[in-house]
Amino acid sequence: MDKEIILITGSSGQLGTVLAEKLQEKYGVKNIIATDLRVNPTFNGVFETLDVTDFDAIEAIVLKYKITQIYHLAAILSANGEKHPLSTWDLNMKTLFNVLEVSRIHKISKVFFPSSIAVFGNNVERLNTPQSSNLTPSTVYGISKAAGENWGKYYFDKYGLDVRSLRYPGVIGYQSLPGGGTTDYAVDIFHKAVKNENYECFLNADTTLPMIYMDDAIRATLELMEAPKDKITVRTSYNISGLSFNPNQLETCIKENYTDFKVTYSPDFRQGIANSWPMSIDDLEARKDWQWKPKFDIKSLTKVMLKNLELKYNNNLINS
Ligand code: VAH
791 MDKEIILITG
801 SSGQLGTVLA
811 EKLQEKYGVK
821 NIIATDLRVN
831 PTFNGVFETL
841 DVTDFDAIEA
851 IVLKYKITQI
861 YHLAAILSAN
871 GEKHPLSTWD
881 LNMKTLFNVL
891 EVSRIHKISK
901 VFFPSSIAVF
911 GNNVERLNTP
921 QSSNLTPSTV
931 YGISKAAGEN
941 WGKYYFDKYG
951 LDVRSLRYPG
961 VIGYQSLPGG
971 GTTDYAVDIF
981 HKAVKNENYE
991 CFLNADTTLP
1001 MIYMDDAIRA
1011 TLELMEAPKD
1021 KITVRTSYNI
1031 SGLSFNPNQL
1041 ETCIKENYTD
1051 FKVTYSPDFR
1061 QGIANSWPMS
1071 IDDLEARKDW
1081 QWKPKFDIKS
1091 LTKVMLKNLE
1101 LKYNNNLINS
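The sequence shown begins at 791 in the working numbering and counts up by one.
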């Protein structure tokens, strides 16, 4: 079997940082081409500076390394996206079109496109939101992801390009900081606790949202990409669920270890975004098609986050 050579866009981002490492472990360091506008200082491997809005630049990398798969992670997330709606749309869509076109032209075998629970609006069942709910997103980010899901299906139906996608909940990990999302509080709060600082949460205490621990998110991505093609019945994007909680529940869990930790609640514009999103997700199709099952709950997530952040801060391995 020919070896897989994988290009990751947005490799310095929250998910890309961890996914690059996991793909290196699986396919070999030299077969993973990490790309972003700036390299992650902790990254070890093959890196190329890449602006994914530049088609010629991405095509040059595809040809130079004989790329066989692309994980397209570069995008502007929900909160930052609302600050510059039209440029967010331009960037999120232009980069996706470049990835889809370069993949079509150069016969890339598989493309991963990250969608999000942000594709749902507040006119659907917010508890156990079904896969087939209609998509009326309230943010430009969510609109670009809903459009992206349908473009991915179009390239599969029309050109046979094997595009696969997950609707990520809020991703929580210790290895990297999130960038400009509405669920970022669920990462920031751990950093504050470990530094023995109080945390001002930008969402209300009772704002329940779907979340997923980083290890589960990465495993779901690899399990989806490795599933036999004929098992994939959803060509827009799969709902996946990790767990759901609200800031108050997370605060309570953290306080079992950091008894003096204090959280104050000062909702900002991101509360409006969170109010339009599901509270929990029904991921029946992912469980049926490729046996998806999360492993982390709020207690095990809290334990692993605190343990690893304590290690990083105590060994000065993190710039806070
Ligand atoms: C965001 N972390 O907050 C992303 C994610 C479901 C949330 O899409 O924008």
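Even glycine gets a Cβ: it sits at the ideal position worked out from N, Cα and C.
Please read all numbers here as calculations on a predicted model, not as lab measurements.
Outcome for residue i when other beta-carbon atoms lying within 10 angstroms are tallied against a minimum of 16
i, result
"SER906", "buried"
"SER1056", "exposed"
"PHE765", "Because residue 765 is not part of the residues shown, which for the chain are 791 to 1110, the question remains open."
"LEU903", "Per the sequence shown, the amino acid found at residue 903 is Phe instead of Leu. Buried is the call here."
"GLU811", "buried"
"GLU815", "exposed"
"ASN1105", "exposed"
"GLU1046", "exposed"
"ASP1050", "exposed"
"ASP974", "buried"
"HIS874", "exposed"
"LEU1023", "This sequence places Thr at residue 1023; Leu is not what is there. Answer is exposed; the Cβ neighbour count stays below 16."
"LYS935", "buried"
"SER1034", "buried"
"THR799", "buried"
"LEU853", "exposed"
Residue i versus residue j: straight-line alpha-carbon distance, rounded
i, j, result
"LYS897", "PHE887", "15 Å"
"GLU1013", "TRP1080", "7 Å"
"VAL953", "ASN1036", "33 Å"
"LYS982", "LYS1052", "10 Å"
"ASP1087", "GLY932", "26 Å"
"ASN830", "GLN965", "11 Å"
"LEU809", "ILE796", "11 Å"
"LYS856", "LYS900", "13 Å"
"ILE866", "THR878", "6 Å"
"PHE841", "ILE851", "The sequence shown places Asp at residue 841, not Phe. C-alpha separation (whole angstroms): 11 Å."
"THR825", "VAL836", "9 Å"
"MET1095", "ASP947", "41 Å"
"ILE895", "LEU951", "10 Å"
"GLU801", "LYS793", "According to the sequence provided, residue 801 is Ser. The question's Glu does not apply to it. Distance between the alpha carbons of SER801 and LYS793: 21 Å."
"ILE848", "VAL892", "8 Å"
"ASP844", "LYS820", "24 Å"
"GLU1100", "ASN986", "11 Å"
"THR998", "GLU838", "39 Å"
"TYR1003", "TRP1067", "18 Å"
"TYR949", "ILE962", "35 Å"
"ARG1025", "LEU1040", "34 Å"
"ASN1065", "LYS1102", "33 Å"
"GLN1061", "MET1015", "33 Å"
"GLY938", "TYR1048", "42 Å"
"VAL984", "GLY1032", "24 Å"
"LEU967", "ARG828", "15 Å"
Sequence-distant residues of its chain with Cβ nearer than 7 Å to residue i (five each side left out)
i, result
"ALA741", "In the structure as shown, the chain starts at 791 and stops at 1110, and residue 741 therefore has no counterpart that could be examined."
"THR926", "GLY911 and ASN913"
"SER1090", "none"
"LEU881", "THR843 and ILE866"
"THR1011", "LEU809, PHE902 and LEU956"
"ARG916", "PRO1068 and MET1069"
"LYS1085", "ASP1006"
"TYR817", "GLU794 and ILE796"
Sequence-distant residues of the same chain with beta carbon closer than 6 Å to residue i, five excluded per side
i, result
"SER868", "ALA908, THR929, TYR931, GLY971, THR972 and ILE1063"
"ASN918", "SER1070 and ASP1072"
"TYR989", "ILE979, LYS982 and VAL1053"
"CYS1043", "ILE1088 and THR1092"
"CYS991", "TYR975, PRO1037, VAL1053 and TYR1055"
"ASN1098", "TYR964"
Cβ of residue i within 7 Å of any chain C Cβ
i, result
"LEU999", "Given the protein chain composition of this structure (a single chain), no chain C is represented."
Distance cut-off 6 Å: residue i Cβ against heavy atoms of the ligand HEM
i, result
"ALA908", "Looking at this structure, you won't find the ligand HEM anywhere; what it does contain is the ligand VAH."
Residues near residue i by beta carbon distance below 8 Å, same chain, minus five either side
i, result
"TYR958", "LEU805, PRO904, SER905, SER906, ILE907, ILE1002, ALA1007 and ILE1030"
"THR832", "THR807"
"THR885", "THR799, VAL842, THR843, HIS862, ALA864 and ALA865"
Tell me the start and end of each unbroken beta strand (DSSP E) in the region 882-935 that is at least 3 residues and wholly inside, in chain order. 900-906
Can you list the beta strand (DSSP E) stretches of 3 or more residues lying completely in the region 1045-1098, in chain order? 1053-1055
Give a yes or no on contact between the region 1004-1019 and the region 796-809, applying the rule of three or more CB pairs nearer than 8 Å. yes
Could you pull out every unbroken beta strand (DSSP E) segment of at least 3 residues lying fully inside the region 801-841, listed in chain order? Every beta strand (DSSP E) stretch that sits fully inside the region 801-841 and reaches 3 residues is listed by chain position as 822-826 and 836-839.
What are the start and end residues of each continuous beta strand (DSSP E) run of 3 or more residues lying completely inside the region 997-1023, in chain order? Counting only runs of 3 or more, we get 999-1003.
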